[in-house]
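Per our numbering, residue 7 is the first one in the sequence shown, and the count goes up by one each step.
Every residue gets a Cβ at the ideal spot worked out from N, C-alpha and C, and that includes glycine.
Structure record follows, encoded as structure tokens.
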Amino acid sequence: MHLIHLTHLATDEKPEDPPVTAVDIDPALIAAAVEWARQDPDDGDRAVLEAEIAAAQAGDGAAAASLASRFAGPLEFGTAGLRAEEGPGPGRMNRVVVRRTAAGLATYLLQRLAETVPGEPADATAGAPAGAAAGPESRPPRVVVGYDARRGSKTFALDSAAVFAAAGLETILLPSELPTPVLAFAVRYLDADAGVMVTASHNPPADNGYKVYLGGRMTDEAGRGAQITAPSDRDIAGCIDHDALVGSIPLAANGWTVADRGIAAAYRLAACRVLDPERTGHRRLNVVYTPLHGVGGAVLPDLFEDAGFERPYTVPEQAEPDPAFPTVAFPNPEEPGAMDLALAAARERGADLVIANDPDADRLALAVRDPAAGVGAGGAGSALGAGRASDAAAGWRMLTGDEVGVLLGSHLMAGLRPAGAAVGNSVVSSRLLSRVAAERDVPHETTLTGFKWIARVPGLGFGYEEALGYCVAPEMVRDKDGMTAALVAAELAAELADQGKTLLDALDEIALHFGVVATGQLSVRVADLALLDAMMTRLRVAPPATLAGQDVVETVDLTQGYRGLPGTDALMYATADDSRVVVRPSGTEPKLKCYLEVVRPVQAAAQLPEVRAEAAAALAELSASIGAALGQ
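What follows is the structure, encoded as structure tokens:
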């Protein structure tokens, strides 16, 4: 950790002028920054760093603070891979960090191959031509690399391919900017031992990331094509040399293969198989679609046409990939205002359904016509109104992730039961899916947060998490996939339309049988990650005895595990009226998340509006109560 000391200097300025602030900056910080700039292969990053060094040496406190942040320590590799703001320095996403990470991953794959194929040394294939080996056990590790449309993504992908090829790995680069689910599909489809996707998903425009999948000979069947879990993350991290000189990492000028552009067509062909051939309802839905300036537009419209649906109308202002995300404050369909253009288009076109993907298209958001939804009524993501509707959204309602999860799960269960397949969802998602599954005699499993866990549910047929992630075809994509999920949602909407019903009618039927379930989320964003530990400690030391006026009847510290789950940093509270709160630090953002669930019984359809209003009020009270327990 480099320290910065601020010192106020006496000057001959007039008394009314503010004092001049100079900076006493740690020479080791400057030396580290100068060395980084010397070896940085990126002209833009090098120029940024050199300007910042000069400004800090001239006494600019903001530049010095920025340098200290960049060099506070190396970007940590974990189960989410890497994710951070792009820019120079070990604490940012850049070509130096990517090359070091790629070299570490190559070392890990070669070492694992040596363990998997006894008697084969770790470097037996180093330098061999890609694909030269004849048999699957003797060939070098095969890795497929994909990238989205963020600023540095293609460059990071090309650097990775050059490092992998130089290390002797059989390397396949996807042919263009494509969604994350296409990369996850390619890992299984191409029988790759690993996959890398360069994306920051729905993070802010300045960010980028490096997501790693294992497959082939590197994991078991449940993990093939899934994101890494422990101990793989720790083992890969242990192979990364954070001090390696960039010039010491071999780069191949060629030697990797660019996949045929037919890979997207192969994905679409496989995706169409998620539809039930026995369901013969029409597919004449009027759909408005937005990829939110991401890469979903390269696949989803063609996918719908392939499946026999009318080609969706794509919001023109958001149709093309744009790393600046100019029409949204935050490129996430859950965020306020992100869906306004799509909802306005839906109103104008009399659409049946609005479909949105996040920028890398692994998440799905749905909006439906709802005459009761007025201005400010109903938010994207929770009954608390996170993402208040604007004038553009009047008459339309965003479905929550839990609502979409139970709709898709219920729709698919008829086919899952005969196959003996299971459903699963994360511990922070609603408990409703488990109750539906129990009644329909379909196995259900609760997992830790993240699709790296959901994908590993034994016999998985469907899985979801409340953050708009759904897996409807685990044999095809063992991860969340916002495009195949959109296809299943469209199938369900069309089938209901044949019966004169809507997705809201389907939710009403579920509520009448299982009760009204309202879910929401309270997020506390922090500037200092240490505050997350402080808030979790506060709850552990002084757990709430009541929440929203109800006695807390169960308190669970999930670090100790829970009903077969591995330990994780989370707390869970259940109250006497069957409400529940789960609190955990975010794995990808500097914030604490509180997941809220309220259940209210209902006896008749006529009571639904009143009971839903009661549940929404209870949810708001629960949010305020846990917020107070956190000191907010």
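Taking all protein chains shown into account, S238 has 16 or more neighbouring C-beta atoms within 10 Å of its C-beta and is therefore buried. Residues of the same chain with a CB within less than 7 Å of the CB of Y195, apart from the 5 flanking positions on each side, are A272 in chain order.
Each residue's CA atom was taken as its position, placing F77 and A258 some 29 Å apart. Cβ neighbours of T161 within its own chain (closer than 7 Å, five residues either side excluded): R101. Spatial neighbours of V562 in its own chain (CB-CB distance under 6 Å, excluding positions within 5 residues in sequence) are listed in chain order as Y568, M578. The residue from L119, A168, V204 with its alpha-carbon nearest to that of S144 is L119. Cα atoms of H417 and T574: separation of roughly 31 Å, rounded to the nearest angstrom. Checking the DSSP bridge columns, you'll see H450 partnered with V429. Per DSSP, the beta bridge partners of L220 are A200, A232. With fewer than 16 other beta carbons inside 10 angstroms of its own, N292 counts as exposed. Proximity of the region 453-461 to the region 515-523 falls short of the contact definition, fewer than three beta-carbon pairs being nearer than 8 Å. Shown here, I31 sits in a strand according to DSSP, grouped into three states.
Annotation: L88 to G465 spans about 29 Å, alpha carbon to alpha carbon. By the CB criterion at 8 Å, P211 and P337 fall inside the cutoff. Comparing alpha carbon positions, the residue from V559, A228, Q556, A576 closest to T565 is A576. For I178, the uninterrupted beta strand (DSSP E) run begins and ends at 176-179, by DSSP. A Cβ-Cβ distance of about 6 Å is found for the pair P327 and E183, placing them in contact under the 8 Å criterion. In terms of Cβ geometry, I460 and G469 form a close pair [threshold 8 Å]. Annotation: the continuous beta strand (DSSP E) that includes Y153 extends over 148-153. Take the alpha-carbon of R355 and the one of D308: they are about 20 Å apart. Less than 8 Å separates the beta-carbon of A277 from that of T490.
Between D364 and L413, the CB-CB gap reaches or exceeds 8 Å. A62 has its alpha-carbon roughly 52 Å from the corresponding atom of A623. In chain order, D557, V558 place their CB closer than 8 Å to the CB of A551, counting only its own chain and leaving out the 5 sequence neighbours on each side. Our two residues, T205 and D366, have alpha carbons roughly 7 Å apart in a direct line.
For S529, the three-state secondary structure derived from DSSP is strand.
Collapsing the DSSP output to three states places K160 in a helix.
Burial check for N260: the Cβ neighbour count within 10 Å stays below 16, so the residue is exposed. For R76, the enclosing alpha helix (DSSP H) starts and ends at 67-76. By a beta-carbon distance limit of 8 Å, R606 does not contact A626. Their separation comes to about 14 Å. Assignment of beta-bridge partners to G215 by DSSP yields R89. The alpha-carbon separation between M203 and Q613 amounts to approximately 48 Å.
Residue pairing for A362: DSSP places it in a beta bridge opposite T296, A371. The Cβ atoms of A351 and P256 do not sit closer than 8 Å to each other. Apart from the 5 residues on each side of it in sequence, L347 sits with its Cβ closer than 8 Å to the Cβ of T296, V321, E323, Q324, T333, A398 in its chain, given in chain order. If you draw a straight line from the Cα of L180 to the Cα of S435, it comes to about 33 Å.
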